[in-house]
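Participant:
Numbering (my numbering), first residue to last: 7 to 377.
(1) So, is residue 169 buried or exposed, given that buried needs 16 or more other C-beta atoms within 10 angstroms?
(2) Can you name, in chain order, every residue of its own chain whose Cβ lies under 7 Å from the Cβ of residue 118, other than the five neighbours on each side?
(3) Touching or not, the segment 161-168 and the segment 182-198, by the rule of three or more beta carbon pairs under 8 Å?
(4) Assign residue 334 to buried or exposed, taking buried as 16 or more other Cβ atoms, counted over all protein chains shown, within 10 Å of its Cβ.
(5) Would you kindly report the start and end of the unbroken beta strand (DSSP E) that includes residue 249?
(6) Going by the CB atoms, is the gap between residue 300 and residue 128 shorter than 8 Å?
(7) Could you pull the DSSP bridge partners for residue 375 from this structure?
(8) Just tell me which of 306, 85, 261 has its CA closest to the CA of residue 342.
(9) If distances are taken between C-alpha atoms only, which option among 285, 268, 260 comes closest to residue 303?
(10) What's the gap between the Cα of residue 257 and the Cα of residue 15?
(11) What is the DSSP secondary structure of residue 159, reduced to helix, strand or coil?
(12) Tell me whether residue 337 is buried or exposed, calling it buried when 16 or more other Cβ atoms sit within 10 Å of its Cβ.
(13) Indicate whether residue 154 and residue 125 have their beta-carbon atoms separated by less than 8 Å.
(14) For residue 247, is the classification buried or exposed, using 16 other Cβ atoms within 10 angstroms of its Cβ as the cut-off for buried?
(15) For the segment 206-220 and the segment 44-52, state whether three or more C-beta atom pairs, one from each stretch, are separated by less than 8 Å.
(16) Within its chain, find whatever has a CB closer than 6 Å to the CB of residue 75; leave out the 5 residues flanking it on each side and keep chain order.
(17) Taking just the CA atoms, how far does residue 110 sit from residue 18?
(18) Considering only their Cβ atoms, is the gap separating residue 313 from residue 295 smaller than 8 Å?
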């Protein structure tokens, strides 16, 4: 789907920007082919080096491709806006104001600058976002309890072990009581990412590290990754739960799998299974990679749901599209039928779309309070 959309937009850019340039065909032709290649670069790279989910090429090449692809998407949007304005101007008989020959090349230049900047923002070490959540029935022993959420780390050839180590250091410096990771830890196979994820084993919290899967774990080697994560001292919840206790009080942490499991014949998300045998008096914090089932989860008595997956929509404005595929949830805090949903923008992102513009990455520190 991404390739189809990319090709359509690329053809539009070639038609409206490249071909009208006052240059020889010997220049415009290769430029047009370059634009089309950018639109198809995911499939081209996957054909020769890795997969769509995990391109195994040098980081510098990934940065260049990501910058170019982002610029392609942005310039297509800019050209559509210009053409829309031109149509409106023609209807108002003031079209001459938009006929300047520099407007479309300027849009291309702006898109390229934003593309490069956006990718640099995408691969930056995330900043900390701190929020407070009041939970009805939270035992007094857990008032002030600090949960650190990491999500969408996407360790890869783009976000390598050095970057992961910085995320771990930033997380440990916050001294949380518990660390939870809500999916998409990696892109690639266990052997390819072994060095990149090793420092995740250095995450520190008195009540440990609890993780769930996202969709990207399935694109690699799911069973092997479950073993690898547990070898890094993570408690991985697959439609199951665990209890955190303090002074005799109990807090239930439940986690579900990802719906993409259906493609691989693996267990689909099952909140009933995840809560089976849980203390009915203990508040439930649910780890669910995707936010879209928040309303159904709230109806089951979940008090706090922590999700990721959306990357916050990547680019201001694009969030309006992303939220439509995620139940209307894309970034930040939502109150859903008495339950708090928090959707993190994520720490990292997939190398195939590695830009952030106006949507910063984050490490989230959540302080719980009784209500």
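Cβ coordinates follow ideal geometry from the N, Cα and C atoms, glycine included. Remember, it's a predicted structure, so these values are computed and weren't measured experimentally.
Facilitator: With the given structure in hand:
(1) As a first step, residue 169 must be located in the chain shown, where it is residue number 163. Residue 169 should be labelled buried.
(2) As a position in the chain shown, residue 118 is number 112, starting the count at 1. Excluding residues within five positions, the ones whose Cβ falls inside 7 Å are 77.
(3) Three or more Cβ pairs closer than 8 Å define a contact, and the segment 161-168 meets that threshold against the segment 182-198.
(4) On the chain shown, position 328 is the one that residue 334 refers to. Its Cβ having fewer than 16 others within 10 Å, residue 334 is exposed.
(5) Taking the first residue of the chain shown as position 1, residue 249 is located at position 243. From DSSP, the beta strand (DSSP E) with residue 249 extends over 246-252.
(6) For the purposes of this step, residue 128 is identified with residue 122 of the chain shown, where counting begins at 1. For the purposes of this step, residue 300 is identified with residue 294 of the chain shown, where counting begins at 1. For residue 128 and residue 300, no; Cβs fall outside 8 Å.
(7) For this step, residue 375 is matched to residue 369 along the chain shown. Residue 375 is bridged to 140.
(8) Reading the chain shown from its first residue, position 336 is the one you call residue 342. Relative to the Cα of residue 342, the nearest Cα in the group 306, 85, 261 belongs to 306.
(9) To locate residue 303, count along the chain shown from 1; it is residue 297. It is 260 whose Cα lies nearest to the Cα of residue 303.
(10) What you label residue 257 is simply residue 251 of the chain shown in a count that begins at 1. What you label residue 15 is simply residue 9 of the chain shown in a count that begins at 1. In this structure, the straight-line span from the alpha carbon of residue 257 to that of residue 15 is close to 49 Å.
(11) To locate residue 159, count along the chain shown from 1; it is residue 153. If DSSP states are grouped into helix, strand and coil, residue 159 belongs with coil.
(12) For the purposes of this step, residue 337 is identified with residue 331 of the chain shown, where counting begins at 1. Residue 337 comes out buried.
(13) Position 148 of the chain shown, counted from the first residue, corresponds to residue 154. Position 119 of the chain shown, counted from the first residue, corresponds to residue 125. No, the pair does not count as a contact, with Cβ atoms beyond the cut-off.
(14) Translated into the one-based positions of the chain shown, residue 247 becomes position 241. Burial call: buried.
(15) no
(16) Taking the chain shown and counting its residues from 1, one reaches residue 75 at position 69. Taken in chain order, the residues that qualify are 44.
(17) Taking the first residue of the chain shown as 1, we reach residue 18 at position 12. Taking the first residue of the chain shown as 1, we reach residue 110 at position 104. Rounded to the nearest angstrom, the two C-alpha atoms are 12 Å apart.
(18) One-based indexing of the chain shown puts residue 295 at position 289. One-based indexing of the chain shown puts residue 313 at position 307. Cβ atoms of residue 295 and residue 313: closer than 8 Å.
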